[in-house]
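As given, the protein sequences belong to chains V and C, one line each in that order.
Residues 1 to 120 in the numbering used here are what the first sequence spells out, letter by letter.
Residues 121 to 240 in the numbering used here are what the second sequence spells out, letter by letter.
The block underneath contains the structure these notes are about, expressed in structure tokens.
2 protein chains.
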Amino acid sequence: MVEEAPAELHGAYCATYQEAVELVGRRWSGVILRAMLAGATRFSEIRDAIPELTDRMLSERLKELENRGITERRVVPSTPVRISYHLTPKGEDLRDVLTGLQCWAERWADEPAASGRGPR
Amino acid sequence: MVEEAPAELHGAYCATYQEAVELVGRRWSGVILRAMLAGATRFSEIRDAIPELTDRMLSERLKELENRGITERRVVPSTPVRISYHLTPKGEDLRDVLTGLQCWAERWADEPAASGRGPR
Chain V
1 MVEEAPAELH GAYCATYQEA VELVGRRWSG VILRAMLAGA TRFSEIRDAI
51 PELTDRMLSE RLKELENRGI TERRVVPSTP VRISYHLTPK GEDLRDVLTG
101 LQCWAERWAD EPAASGRGPR
Chain C
121 MVEEAPAELH GAYCATYQEA VELVGRRWSG VILRAMLAGA TRFSEIRDAI
171 PELTDRMLSE RLKELENRGI TERRVVPSTP VRISYHLTPK GEDLRDVLTG
221 LQCWAERWAD EPAASGRGPR
């Protein structure tokens with residue numbers, strides 16, 4: 001079964017893919033990445049760009065993304081210390097995928113859910 | 121701030137995008153879609169393709185994806201009744217995005233998390 005899958009999906013299951021899709025799709029993570037792809041670098045800037053996102057959730061997600069090498073936290077030793085958040089090359093490399101998902105969402109946004117269905 | 125964002129992301133926040141990324145990235149949904157993109161149509165076939173996925177979770181996720189017009193449930197009135205699950209055009213339209221995510225995951229799979237980081 002696995003061998004007969006379309007070549008580009010390399011079979012029906014892949015743990016690496018599961019980890020990636022669930023990381024990016026975890027509550028808030030996708031919109032945090034989007035805000036950062038759009039240029040936000042300060043904690044408050046990211047938070048204020050996303051309705052209902054709390055400091056606690058943003059902090060938690062940024063740590064998670066940092067642990068996965070997708071974002072990094074930079075500390076500028078000024079007075080006061082300035083902290084900023086940046087996408088790593090790995091994080092920046094998500095741009096096309098997330099833009100593709102944005103386009104997909106827009107393509108189908110105006111359709112009622114049922115219209116995506118084929119004949120029964 | 122929003123106006124300066126890269127054109128393709130149309131600003132830092134978009135509710136439609138948030139809904140899409142969190143739907144696809146919800147626990148199990150991404151791998152269920154992948155199994156279906158790879159050709160699985162029977163409940164047991166999808167379940168068996170995904171380690172640790174229970175009947176209950178698969179059933180819940182399929183209902184969620186169906187409610188969003190991404191998959192559909194077909195009933196063939198044979199004896200016994202045969203039930204199969206299929207991607208709608210909207211669901212099939214996720215193929216490129218999810219393949220892109222698969223490729224991203226593979227590109228970065230062998231790197232330790234820290235290697236995605238730039239200089240501090």
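Positions of the beta carbon are idealized from the N, C-alpha and C atoms, including for glycine.
In this text the structure is predicted, and so the values were computed from the model without any measurement.
At a cut-off of 7 Å between beta-carbon atoms, C/Leu173 makes no contact with chain V.
The beta carbon of V/Leu23 is closer than 7 Å to those of Ser29 and Arg68 in its chain, skipping five residues each way along the sequence.
For C/Leu221, the closest Cβ of chain V is nearer than 7 Å. Taking the C-beta atoms as reference points, V/Arg95 is found no nearer than 7 Å to V/Tyr85.
The continuous stretches of alpha helix (DSSP H) do not include C/Glu192, which lies in the beta strand (DSSP E) extending over residues Thr191 to Val196. If you draw a straight line from the Cα of V/Thr41 to the Cα of C/Tyr133, it is about 14 Å long.
A Cβ-Cβ separation of about 7 Å places V/Leu37 in contact with V/Leu98 under the 8 Å criterion. Closer than 7 Å to the CB of V/Thr79 there is not a single CB belonging to chain C. Put simply, of C/Asp230, C/Ala169, C/Glu139 and C/Glu172 the residue whose alpha carbon is nearest the alpha carbon of V/Pro51 is C/Glu139. Pairing V/Ala105 with C/Thr136 gives a Cβ-Cβ distance under 7 Å.
Minimum Cα-Cα distance from C/Arg227 among the listed residues V/Cys103, V/Arg27, V/Trp108 and V/Lys90 corresponds to V/Lys90. Shown here, C/Leu207 sits in a strand according to DSSP, grouped into three states.
Under DSSP, C/Arg202 takes part in a beta bridge, and its partners are C/Val196. The alpha carbon of V/Thr88 has as its nearest neighbour, out of V/Arg56, V/Asp55 and V/Leu65, the alpha carbon of V/Leu65. The DSSP-derived three-state label of V/Glu52 is coil. Per DSSP, reduced to three states, the secondary structure at C/Cys223 is helical. Counting the other CB atoms within 10 Å of its CB gives V/Val76 a total below 16, which places it among the exposed residues.
Residue contact with chain C for V/Lys63: absent (no Cβ-Cβ distance below 7 Å to any residue of chain C).
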